[in-house]
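**Q** First, the structure itself, so that you have it in front of you.
In the numbering used here, the protein residues as written are 12 to 464.
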């Protein structure tokens, strides 16, 4: 009698699809979650307006007593102090959240790390490299990204590709785009299909690439069941990325809808040097803001992540060796102003950059409104005050009303409630079917209903 011993399938067999047959994927149709409460449609085409989601990150929070004035209770109106004056023209598009806390259940505050991870995943990290749950932007992308070319677009204006605060796990963190030129080529280069061109012909090269990928199928249940938890997670992440590429290629083979909001930007000129000097970072950020806004308008993506400065903020002034983070520790507060003037300058530039980002979306006309009207931007940092690096009271903003799903112009006072209420509100606003979010003391089922329509 011949006994056949079980053999582990090779990686090549999996890639060829011999385990589970040929793989296939379809782009999702427009769903109800893409509509606002009134089923609003694009005026030019009668098609529904897609609602986009993005995150915007800056390092080191605010300078003490210089950002947003405290409020006793939630209500309309936001009082922008000196550091945030650049945001005043956009007040009607903004919600500001203060006084929300971050209980850590005895875990350490890993400075510059705990704040952003807990805010974006709902779980306090157990170590400096721990990231136990996907960031909320990916949960939202999994819900709404169908029909767009890129699942997400990740950007970093300070030439640090690793500093991207979007991840599925500690081992699955994509590098961010750091060059405006590379970003332009990716979004609007040879693979871009102009939705407003009269003629459309599928690119044979794209057809070939899709044909090759069609041989990559999901592993069989039997093989999957033989794996450990870590390998299952890695394999699932791998096939998720394959399906995303298949979706991207499939869309390039279809004629896109006519889109009046999509105006292909001209090739870039005057691109700044890749540097951590503030003026270079600021110029890079401004270019990237305009590109990602138009990418959203052109249906290239519905989810994006923009990092203006990293979580330890290595921004510096020309000719100076000390950067923002060092200054936040070593600079003495001015006895008259009550804050560190050098740190305050860097914080002010951060808020000016956020104003530039908002303006890029507000300047794109879409339907009977603007791209900003159909977007929710979740702007966060990793600590409350630059000097103390505390995680309770971390400032957060919502910008845009997500296609009419949110009331704006409000200052929401947390009163010590968990910061994850803000994240849960974002998830539910964007149609993610969750009734609670977070773990341990950070878990909440209380969205912020005052701002939800």
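Ideal placement from N, C-alpha and C gives every residue a C-beta, glycine not left out.
Just to confirm the assignment, what range does the beta strand (DSSP E) spanning residue 7 have?
**A** Only positions 12 to 464 of the chain appear in this structure, which leaves residue 7 out of reach.
**Q** Relative to the C-alpha of residue 315, which candidate in 433, 451, 163, 296 has its C-alpha closest?
**A** Reading the chain shown from its first residue, position 304 is the one you call residue 315. It is 163 whose Cα lies nearest to the Cα of residue 315.
**Q** From the DSSP output, in three-state form, read off residue 340 for me.
**A** Stepping through the chain shown from its first residue, residue 340 is reached at position 329. It is helical.
**Q** Terminal residues of the continuous alpha helix (DSSP H) containing residue 357?
**A** The residue you call residue 357 lines up with position 346 of the chain shown. Segment 352 to 373, the alpha helix (DSSP H) holding residue 357.
**Q** Measuring straight from C-alpha to C-alpha, what distance separates residue 347 and residue 74?
**A** In the chain shown, the residue the question calls residue 347 occupies position 336. In the chain shown, the residue the question calls residue 74 occupies position 63. So the alpha carbons of these two residues sit roughly 15 angstroms apart.
**Q** Should residue 424 and residue 82 be called a contact, given that it needs their Cβ atoms to be closer than 8 angstroms?
**A** Numbered from its first residue, the chain shown carries residue 424 at position 413. Numbered from its first residue, the chain shown carries residue 82 at position 71. In contact: residue 424 and residue 82 (Cβ atoms closer than 8 angstroms).
**Q** Looking only at C-alpha atoms, which of 274, 391, 143 sits nearest to residue 107?
**A** One-based indexing of the chain shown puts residue 107 at position 96. It is 391.
**Q** In three-state terms, what does DSSP make of residue 449?
**A** Mapped onto the chain shown, residue 449 falls at position 438. Secondary structure of residue 449 (DSSP, three-state): coil.
**Q** What number of angstroms, rounded off, separates the C-alpha of residue 359 from the C-alpha of residue 330?
**A** If you number the chain shown from 1, residue 359 lands on position 348. If you number the chain shown from 1, residue 330 lands on position 319. So the alpha carbons of these two residues sit roughly 20 angstroms apart.
**Q** Specify, as a first and last residue, the run of the beta strand (DSSP E) that residue 422 falls within.
**A** In the chain shown, residue 422 corresponds to position 411, counting from 1. Taken as a continuous stretch (DSSP letters only), the beta strand (DSSP E) holding residue 422 covers 421 to 424.
**Q** Below 8 angstroms, can you find three or more Cβ-Cβ pairs linking the stretch 288 to 306 to the stretch 164 to 184?
**A** yes
**Q** Pick out whichever of 112, 458, 66, 324 has its Cα sitting closest to the Cα of residue 405.
**A** Sequence index remark: in the chain shown, residue 405 carries index 394 (1-based). Closest by alpha carbon: 112.
**Q** Can you give me the Cβ contacts of residue 141 inside the same chain, cut-off strictly under 7 angstroms, excluding the 5 residues immediately before and after it?
**A** By one-based count along the chain shown, residue 141 stands at place 130. Here the set comprises 181.
**Q** When you compare the stretch 96 to 105 with the stretch 402 to 420, are there three or more beta-carbon pairs, one atom per stretch, that lie closer than 8 angstroms?
**A** yes
**Q** How far does the beta strand (DSSP E) with residue 391 in it reach, from first residue to last?
**A** Residue mapping note: residue 391 aligns to position 380 of the chain shown, counting from 1. Run containing residue 391: 386 to 391, per the beta strand (DSSP E) assignment.
**Q** Starting from residue 469, follow the beta strand (DSSP E) in both directions and report where the run begins and ends.
**A** It is not possible to answer for residue 469, since the shown part of the chain is limited to 12 through 464.
**Q** On the DSSP bridge assignment, give the partners of residue 160 in chain order.
**A** One-based indexing of the chain shown puts residue 160 at position 149. Per DSSP, none; premise fails for residue 160.
**Q** For residue 338, tell me which candidate among 61, 71, 64 has the shortest Cα-Cα distance.
**A** To locate residue 338, count along the chain shown from 1; it is residue 327. For residue 338, the nearest C-alpha among the options comes from 71.
**Q** So the beta strand (DSSP E) residue 408 belongs to, where does it begin and stop?
**A** Taking the first residue of the chain shown as position 1, residue 408 is located at position 397. Segment 407 to 410, the beta strand (DSSP E) holding residue 408.
**Q** May I have the straight-line CA-CA distance separating residue 62 from residue 85, to the nearest angstrom?
**A** Taking the chain shown and counting its residues from 1, one reaches residue 62 at position 51. Taking the chain shown and counting its residues from 1, one reaches residue 85 at position 74. Rounded to the nearest angstrom, the two C-alpha atoms are 26 angstroms apart.
**Q** If you measure from the CB of residue 100, is any heavy atom of the ligand ATP nearer than 7 angstroms?
**A** Inclusion of the ligand ATP in the displayed structure is not the case, the ligand content being empty and no account of it being possible.
**Q** At the level of alpha carbons, what is the spacing between residue 69 and residue 300?
**A** Reading the chain shown from its first residue, position 58 is the one you call residue 69. Reading the chain shown from its first residue, position 289 is the one you call residue 300. For residue 69 and residue 300, the distance between alpha carbons rounds to 14 angstroms.
**Q** With H, G and I counted as helix, E and B as strand and the rest as coil, what does DSSP make of residue 166?
**A** Position 155 of the chain shown, counted from the start, is the residue given in the question as residue 166. Reduced to three states, the DSSP call for residue 166 is strand.
**Q** Taking all protein chains shown into account, do 16 or more other C-beta atoms lie within 10 angstroms of the C-beta of residue 297, making it buried, or fewer, making it exposed?
**A** Here residue 297 refers to the residue found at position 286 of the chain shown. With 16 or more Cβ atoms within 10 Å of its Cβ, residue 297 is classed as buried.
**Q** As a quick exercise: from 394, 410, 118, 397, pick the residue whose alpha carbon is nearest that of residue 477.
**A** The chain is shown only over 12 to 464; residue 477 falls outside these bounds and no answer can be derived.
**Q** In its own chain, which residues sit with a C-beta less than 8 angstroms from the C-beta of residue 122, not counting the 5 before and 5 after it?
**A** Position 111 of the chain shown, counting from 1, holds the residue named residue 122. The answer, listed in chain order, is 394, 400.
**Q** Less than 8 angstroms between the beta carbons of residue 335 and residue 77, yes or no?
**A** Here the question's residue 335 lines up with position 324 in the chain shown. Here the question's residue 77 lines up with position 66 in the chain shown. Not closer than 8 angstroms, so no.
**Q** According to DSSP, which residues form a beta bridge with residue 105?
**A** Translated into positions along the chain shown, residue 105 becomes position 94. 410, per the DSSP bridge assignment.
**Q** Leaving aside the five residues before and after residue 132 along the sequence, list all residues of the same chain whose C-beta is less than 6 angstroms from its C-beta, in chain order.
**A** Residue numbering aside, residue 132 sits at position 121 when the chain shown is read from its first letter. Closer than 6 angstroms at Cβ, skipping near neighbours: 144, 146.
**Q** With three or more beta-carbon pairs closer than 8 angstroms as the criterion, would you say the stretch 266 to 285 touches the stretch 171 to 181?
**A** no
**Q** Looking at the structure shown, is residue 195 part of a helix, part of a strand, or coil, going by DSSP?
**A** Numbered from its first residue, the chain shown carries residue 195 at position 184. Helix, per DSSP.
**Q** Kindly indicate which three-state DSSP category residue 268 falls into: helix, strand or coil?
**A** Here residue 268 corresponds to residue number 257 of the chain shown, with the count starting at 1. Correct three-state label for residue 268: coil.
**Q** For residue 380, name the three-state secondary structure that DSSP assigns.
**A** Here the question's residue 380 lines up with position 369 in the chain shown. Here residue 380 sits in strand by DSSP.
**Q** Please determine, among 415, 159, 158, 455, the residue with the shortest C-alpha to C-alpha distance to residue 428.
**A** As a working note, residue 428 is residue 417 in the chain shown. Nearest Cα to residue 428 within the set 415, 159, 158, 455: 455.
**Q** Would residue 281 be called buried (16 or more neighbouring beta carbons within 10 Å of its own) or exposed?
**A** Taking the first residue of the chain shown as position 1, residue 281 is located at position 270. Flag for residue 281 reads exposed.
**Q** Would you tell me roughly how many angstroms separate the C-alpha atoms of residue 191 and residue 275, rounded to the nearest one?
**A** Indexing the chain shown from 1 puts residue 191 at position 180. Indexing the chain shown from 1 puts residue 275 at position 264. Whole-angstrom Cα-Cα distance: 15 angstroms.
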